[in-house]
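Undergrad: Please see the structure below; I have some questions.
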Ligand code: HEC
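In this note's numbering, the protein residues as written are 278 to 672.
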């Protein structure tokens, strides 16, 4: 078995696992924020005496459930207590390995864009890793400063920070690596919240109770702040994670602004759901979110690159040398730039080029997604030749 195949199998298994544990994590985040927002103060004096601050009834899978939330903590610790942490840790671990297999082990192809910055692969990886760690430090500092201030002030400052990072990364790395690292930075922050604050806070509370002391409510308050943040960050992270399939988003000259608009839309839409759980219906938020998305997608619509009037027609014979020079380093049975031809696209014969004509037009002219990171230095006039060949019916 060759190395390229093993990388493929490894990335398939990691990606699959990453999705499964990510769904478990985000699913429980959605569930608990819904639960918290839907609780009603109990009327039963017995519950009030026990210290229950909110409860609700739900029916699911043929059974009735009656979760109750205690103010600070119950008087007696139950013998068995369920913790929610491995959903988060395993999502981070699988995600980090996936980043390693896909991006860090092939940084020259996937992370470096010579048109933006002539970085060595090691420098690109260093920027990536520094983004993950730095993102956590800045976020954590903001939270400590603003724990008693409004969520809105925090949100505005953190959003400005994320946009600044997106601006920086889109000027240093290839578009797809930049978007992915913004997502990985936010996701690392979310796991950091669980690892450094939420779980330790809960442990301190439990330990105080085991000593027979009344736990300090600050731990619960901090954990709540962080877990609400995590909830708002879920949709933005998910967009970043799927963005690498959509070159038109990260190849825009102001890709950082595109990302900012999409992330803001995602947060507004999440806010709608969080308010709705509390019984408020505020359509202005998703309406604004939808308007932002519409504005982005209209702006990004490909302008059909018609060949300049009077430009000479191009034949397959004119196109083939361009494709050989710019594409077959990757898209060939035996590529030289990467281990195996990506997406199963081979462009190493005249027939294959003709058969893939519309895809070549889409990727190299309309989306400018190819050559990946323009590592082979394709010029605009070469793209125009391809447009002319397409206009002539790919002959
Ligand atoms: C450095 C390597 C590299 C070079 C050079 C390169 N590609 Fe690609 N190409 C890729 C990778 C990687 C993918 C898979 C894209 C993905 O994972 O999103 C891909 C995917 C494609 C696809 C399939 C896209 C889809 O979603 O259907 C087409 C078509 C394509 N490339 C055309 C080209 C053309 C045309 C050129 C030359 C102008 C080119 N590529 C140059 C690496 C490269």
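All C-beta atoms, glycine included, are put in the ideal place defined by N, C-alpha and C.
Please report how far the alpha carbon of residue 370 lies from the alpha carbon of residue 470, in whole angstroms.
TA: 15 Å
Undergrad: Where do the ends of the beta strand (DSSP E) carrying residue 460 lie?
TA: Unbroken run through residue 460 is the alpha helix (DSSP H), 452-469; no beta strand (DSSP E).
Undergrad: Please list the terminal residues of the continuous alpha helix (DSSP H) segment that includes residue 600.
TA: 593-603
Undergrad: With three or more C-beta pairs closer than 8 Å as the rule, is the stretch 351-363 touching the stretch 330-343?
TA: no
Undergrad: Is any heavy atom in the ligand HEC found nearer than 7 Å to the beta carbon of residue 287?
TA: no
Undergrad: Output the distance between the C-alpha atoms of residue 367 and residue 550, rounded to the nearest integer angstrom.
TA: So the two alpha carbons sit approximately 26 Å from each other.
Undergrad: What residue range is occupied by the uninterrupted alpha helix (DSSP H) comprising residue 337?
TA: It is not in any alpha helix (DSSP H) - residue 337 instead sits in the beta strand (DSSP E) that spans 335-337.
Undergrad: Name the two residues that bound the continuous alpha helix (DSSP H) containing residue 483.
TA: It spans 476-487 - the alpha helix (DSSP H) in which residue 483 sits, taken as one unbroken run.
Undergrad: Is the closest heavy atom of the ligand HEC to the C-beta of residue 325 under 7 Å?
TA: no
Undergrad: Starting from the C-beta of residue 404, find all residues in its chain whose C-beta is less than 7 Å away, skip the five residues before and the five after it, and write them out in chain order.
TA: 449, 450
Undergrad: Roughly how many angstroms lie between the CA atoms of residue 381 and residue 576, to the nearest whole one?
TA: 32 Å
Undergrad: Could you check how far apart the C-beta atoms of residue 574 and residue 543 are, in whole angstroms? I think they sit under 8 Å.
TA: So it is not a contact: roughly 14 Å between Cβ atoms.
Undergrad: Can you confirm whether the stretch 425-445 touches the stretch 472-487 when touching is taken to mean that 3 or more C-beta pairs between the two stretches lie within less than 8 Å?
TA: no
Undergrad: Under 8 Å between the Cβ atoms of residue 673 and residue 314?
TA: In the structure as shown, the chain starts at 278 and stops at 672, and residue 673 therefore has no counterpart that could be examined.
Undergrad: Let me confirm a value: residue 562 is counted as buried when at least 16 other C-beta atoms fall within 10 Å, else exposed. Which label applies?
TA: buried
Undergrad: Quick one: complete alpha helix (DSSP H) runs, 4+ long, within the stretch 552-587?
TA: 561-577
Undergrad: Can you tell me whether residue 640 is buried or exposed, with buried defined as 16 or more other CB within 10 angstroms of its CB?
TA: buried
Undergrad: Could you name the residues of the same chain whose beta carbon sits closer than 6 Å to that of residue 538, not counting the 5 residues immediately before and after it, in chain order?
TA: 569, 573
Undergrad: When the Cα atoms are used, what is the spatial distance from residue 441 to residue 665?
TA: 39 Å
Undergrad: Using a Cβ-based criterion (distance less than 7 Å to any ligand heavy atom), does residue 517 qualify as near the ligand HEC?
TA: no
Undergrad: Any heavy atom of the ligand HEC closer than 7 Å to the Cβ of residue 647?
TA: At least one heavy atom of the ligand HEC falls within 7 Å of the beta-carbon of residue 647.
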